[in-house]
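The opening residue of the first sequence carries number 2 in my numbering; numbering runs sequentially from there.
All C-beta atoms in this analysis are idealised placements derived from N, C-alpha and C, irrespective of residue type, glycine included.
Here the structure is laid out as structure tokens; the discussion comes afterwards.
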Amino acid sequence: MTNPVRVRFAPSPTGYPHVGNIRTALFNWLFARHHGGSFIVRIEDTDVARKVEGAVEAILDGLRWLGLDWDEGPVVGGDYGPYFQSQRLDRYHEATRRLISQGNAYNCYCSPQRLEEMRAEQTKNKQPPGYDRQCRNLSREECARAEAAGVVPVVRFKTPLAGQTRFQDLIRGEVVFENSTIDDFVLLKSDGYPTYHLANIVDDHFMEISHVMRAEEWLSSTPRHVLLYQAMGFDPPQFAHLPMILGPDRSKLSKRHGAVSIIEYREQGYLPETMFNFLSLLGWSLDDKTEIMSRSEVVRDFSLERISRTAAIFNKDKLDWMNGLYIRKLSPEEFVQRALPFLDKGLSPEVKRPLSLDYVRQIMPLVQERAKILTELADLTGFLFVDQLDYKPDLLVGKGMTPESTIKALEAGRAKLQESAVFEIEALEMAFRPLADALGLKTGQFFGTLRVAITGRTVSPPLFQTMVVLGRERCQQRIEAALVRLRAA
RNA sequence: GGCGCAUUCGUCUAGCGGCCUAGGACGCGUCCCUCUCAAGGACGAGAUCACCGGUUCGAAUCCGGUAUGCGCUACCA
């Protein structure tokens, strides 16, 4: 029996939950669920300076929204806690002490200024920048002198000067690094907090993480981690470096590419099922055809072997298409429930709140197959909620029509509305269609004029469905109002 | 500059030596449906599989080199 699958998502609370990070979380979650393992969330809050208030909550919100539940971590706890690195400092200090006493690490008293100058000099001379190991072999006395002068040291790893470090990446195969290209990186900062490298391997070890799945940007630091595992005498986990997500210009996805926070997508009216499906397909695929998959199908079929090695550009057009598809898949009532908050937020303040649930239920079927994102619903249906329409009168006059023929058409429409016994879609269409003929207009012209009178726009849901929702009285009022406008023009 | 990873239609991808005159999806175009817009349906344009060599009877698939892109190169993660 092999070790149980335990994977972790380890965000640093330095900002919003980026879709790239969330995709990493998703893949970890999928891997855990597929194998019946555990998905752990660990907050890597070791950078005190860059810490952002509220970031942890935002990240957890993003996970919850996508339904990525965690077995251990913030809120839920677990046997391997605490799950905030800032609460685990003693473990890192203990590891550091061990490394120093074993001769695998040492105190470094170099000032930030010296390091900066050193790097500047190295770059100038076309040397690879890296720590020059000035403090690597300090004597006891030299250390004492620096301490006495009040210098707080950092602790650096004593990287082997020669040899190679290699590891198997589950996605990329064997990766080899020359130790000579790795400098003596910092393990413990002078503020007493560990760097990512130290905290990461200590926690992954003590939390018994079986697979480390993270973005490709970490591939280059993996040999350091392997070296650390060796120095600590720990068995390293398996590594899998995921392809990155890029913006349309092929650079790392960032704010200037538009929305990057998962929270923003929620606010724009993308459905969580869309994001789940779409993000699953960014760097992973099942076969040459299958694209629309439920969460349980993705869990069932997910595998590391089918993860791509190439970075993927975030294709917003495809996201929009997929969201439209998921919107159409919603039951009418489900759609109403999801739409409600967006209508509430997006509709003109003049519209009476709370919105009439009953009325919204009548309206939503008109736009369910026309919306790609929930935020456009308010604009699509706004004309159904207001009393006064606002449009230019000449919109009423269709192609090949004159103001006079338009007035005639509207008057005929008004009369027909009056006499229609049954106010239903079929009946209305049966009554109005012949009327176009009688007026010498094409149905497109006649209905177009009516459409503008009824909705205030040239593009709308089907005319008669719209009219039925509005009701006879309001339709008459609107035609009347159109007539008034046209005559005044 | 050094090190590492990658390279199939504009984009997401299928392909793991013969099934490929390279398949699907988004987007785009044309047409059908049609009261507008969508949705739906049909068709189409779009990839000398980065390039150059090699291995092989046979390569998008294996190997080497080159180019390009991306990542790392912090007391950030």
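I need the boundaries of the alpha helix (DSSP H) containing residue i, first residue and last residue.
{"i": "G347", "result": "P333 to G347"}
{"i": "T124", "result": "P113 to K125"}
{"i": "F178", "result": "Where F178 is concerned, there is no enclosing alpha helix (DSSP H), although the beta strand (DSSP E) it sits in stretches over G174 to E179."}
{"i": "D170", "result": "Note, D170: premise wrong, no alpha helix (DSSP H); beta strand (DSSP E) at Q165 to D170."}
{"i": "V368", "result": "L358 to V368"}
{"i": "H226", "result": "T223 to M233"}
{"i": "Q128", "result": "Element bounds for Q128: n/a, residue is neither H nor E."}
{"i": "H198", "result": "Y197 to F207"}
{"i": "N108", "result": "That residue, N108, is in no alpha helix (DSSP H); its beta strand (DSSP E) goes A106 to C109."}
{"i": "S39", "result": "From DSSP, S39 is part of no alpha helix (DSSP H) but of the beta strand (DSSP E) over S39 to V42."}
{"i": "V76", "result": "That residue, V76, is in no alpha helix (DSSP H); it is neither H nor E in DSSP."}
Taking the alpha-carbon positions, what's the residue i to residue j distance?
{"i": "A33", "j": "R307", "result": "16 Å"}
{"i": "L282", "j": "K290", "result": "12 Å"}
{"i": "P18", "j": "V42", "result": "13 Å"}
{"i": "G441", "j": "L358", "result": "41 Å"}
{"i": "F447", "j": "L280", "result": "46 Å"}
{"i": "D391", "j": "G457", "result": "6 Å"}
{"i": "L189", "j": "F303", "result": "38 Å"}
{"i": "H449", "j": "T403", "result": "According to the sequence as given, residue 449 is Gly; it is not His. Taking the straight line joining both Cα atoms gives about 13 Å."}
{"i": "C111", "j": "C136", "result": "7 Å"}
{"i": "D70", "j": "A313", "result": "26 Å"}
{"i": "F40", "j": "V77", "result": "12 Å"}
{"i": "A106", "j": "R89", "result": "20 Å"}
{"i": "M2", "j": "R215", "result": "With a pLDDT of 45 at M2, under the threshold of 50, the modelled position of that residue is not reliable, and the figure given next carries that caveat. Roughly 26 Å between the two C-alpha positions."}
{"i": "G82", "j": "D72", "result": "12 Å"}
{"i": "V469", "j": "K409", "result": "23 Å"}
{"i": "A241", "j": "L171", "result": "5 Å"}
{"i": "R24", "j": "E292", "result": "17 Å"}
{"i": "G55", "j": "E122", "result": "40 Å"}
{"i": "A260", "j": "V300", "result": "27 Å"}
{"i": "Y132", "j": "D185", "result": "6 Å"}
Measuring alpha carbon to alpha carbon, tell me which residue in the options is nearest residue i.
{"i": "R141", "options": "C109, A11, P161 and V368", "result": "C109"}
{"i": "R486", "options": "A59, E405 and H35", "result": "E405"}
{"i": "R339", "options": "Y271, I44 and R51", "result": "Y271"}
{"i": "F207", "options": "D133, Q114, W66 and E95", "result": "E95"}
{"i": "S1", "options": "P161, E175, P154 and W219", "result": "Nothing about residue 1 can be read from this structure; the chain reaches only from 2 to 490."}
{"i": "D48", "options": "E298, I23, T15 and G284", "result": "T15"}
{"i": "P224", "options": "E175, S252, V387 and D250", "result": "E175"}
{"i": "D380", "options": "F343, I408, K353 and A454", "result": "F343"}
{"i": "R173", "options": "G37, L305 and E425", "result": "L305"}
{"i": "E217", "options": "D205, I210, L247 and E209", "result": "L247"}
Rounded C-beta distance between residue i and residue j? I'm assuming under 8 Å.
{"i": "P244", "j": "S309", "result": "6 Å"}
{"i": "E45", "j": "A11", "result": "5 Å"}
{"i": "L375", "j": "V361", "result": "Contact doesn't hold; Cβ gap of about 13 Å is too wide."}
{"i": "V387", "j": "V337", "result": "Not really, about 20 Å apart at Cβ, beyond 8 Å."}
{"i": "I480", "j": "G399", "result": "15 Å between Cβ atoms; not a contact."}
{"i": "L228", "j": "T311", "result": "Rounded, the Cβ-Cβ distance is 28 Å, inconsistent with contact."}
In the DSSP assignment, find the unbroken beta strand (DSSP E) run with residue i in it and report its ends.
{"i": "Q239", "result": "Q239 to L243"}
{"i": "H212", "result": "H212 to A216"}
Three-pair Cβ contact test at 8 Å for the region 88-106 versus the region 228-235: Yes, since at least three Cβ pairs between the region 88-106 and the region 228-235 fall closer than 8 Å, the two stretches touch.
Stretch pair the region 3-11 + the region 180-190: three plus CB contacts closer than 8 Å: These segments do not touch.
Contact between the region 365-381 and the region 322-339 (3+ Cβ pairs under 8 Å): Verdict: yes, contact present.
Cβ pair count under 8 Å reaching 3, the region 433-440 against the region 393-403: Segments in contact, no.
Sufficient close CB pairs (3 or more, under 8 Å) joining the region 166-174 to the region 119-138: No, the region 166-174 is not in contact with the region 119-138.
At least three beta-carbon pairs within less than 8 Å, the region 367-383 to the region 315-332: Result yes; three or more Cβ-Cβ pairs closer than 8 Å.
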